[in-house]
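**Q** Residue numbers (this note's numbering): 54 to 195. Note that CB positions come from ideal geometry on N, CA and C, so glycine has one too.
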Amino acid sequence: PNLSLRKGQVLLTKRGINVSILTLKRRLRENNVAWRSTVSKPLLSTMLVENHPAWAHENIDRDWSDIVFTDESSFWVLIPIKRAWSAYGKSIIEKTVKHPLFLRIYEQEDYGLTNFHDPLPEESLEKVKITVCSTSYDRYAF
């Protein structure tokens with residue numbers, strides 16, 4: 054749905070079909086297809102964001118060594134496409150993260166929460182777990 058007219062024209066030319074961009078526009082318009090903005094929908098609701106600190110404090114002493122963390126999210130490597138082709142009356146929803154720049158840092162040794170406003174002490178900087186946009190990565194301090 055996010056193929057531009059120019060790229061579509063190039064693909065058709067490679068298949069041996071020579072067509073102008075104006076013809077492509079007319080055919081799309083005849084079929085009620087328009088180039089429109091996608092609707093952004095946050096994955097994290099206000100309630101989930103508010104409940105996260107309470108859940109984290111409840112699970113502060115949990116043994117996480119036998120739990121596997123997975124990420125099934127999609128991330129755009131470059132600039133996200135905010136427009137796509139769609140028929141009139143159909144909305145295109147682009148799933149996003151509500152707070153994309155928010156970081157939560159946990160100490161790896163005891164999985165306890167640190168104070169997010171104060172820097173970590175140097176002795177605990179060996180390995181920290183950083184949660185970015187609901188995705189967990191293990192990073193080594195430098």
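What would DSSP say about Trp-108, mapped onto helix, strand or coil?
**A** One-based indexing of the sequence shown puts residue 108 at position 55. Note: Trp-108 maps to helix in three-state DSSP.
**Q** Residue range of the alpha helix (DSSP H) that Ile-70 falls in?
**A** Translated into the one-based positions of the sequence shown, residue 70 becomes position 17. Run containing Ile-70: none; DSSP gives neither H nor E here.
**Q** Taking just the CA atoms, how far does Leu-77 sit from Lys-60?
**A** Residue 60 sits at position 7 when you count from the first residue of the sequence shown. Residue 77 sits at position 24 when you count from the first residue of the sequence shown. Rounded to whole angstroms, Lys-60 to Leu-77 spans 11 Å at the Cα level.
**Q** Would Gln-62 and Ile-74 be called neighbours here (beta carbons separated by less than 7 Å)?
**A** Here residue 62 refers to the residue found at position 9 of the sequence shown. Here residue 74 refers to the residue found at position 21 of the sequence shown. The answer is yes: Cβ separation under 7 Å.
**Q** Taking the alpha carbon of Gly-217 as the reference point, which residue from Asn-84, Glu-111, Ser-118, Asp-116 has its own alpha carbon closest?
**A** The structure shown does not extend to residue 217, since the chain spans only 54 to 195, so no value can be given for it.
**Q** Given that a residue counts as buried once 16 or more other Cβ atoms are within 10 Å of its Cβ, and exposed if not, what is Glu-103?
**A** Residue mapping note: residue 103 aligns to position 50 of the sequence shown, counting from 1. With fewer than 16 other Cβ atoms within 10 Å, it is exposed.
**Q** Please decide whether Val-63 counts as near chain D, where near means a Cβ-Cβ distance under 7 Å.
**A** Looking for chain D here will not work: only one protein chain is present.
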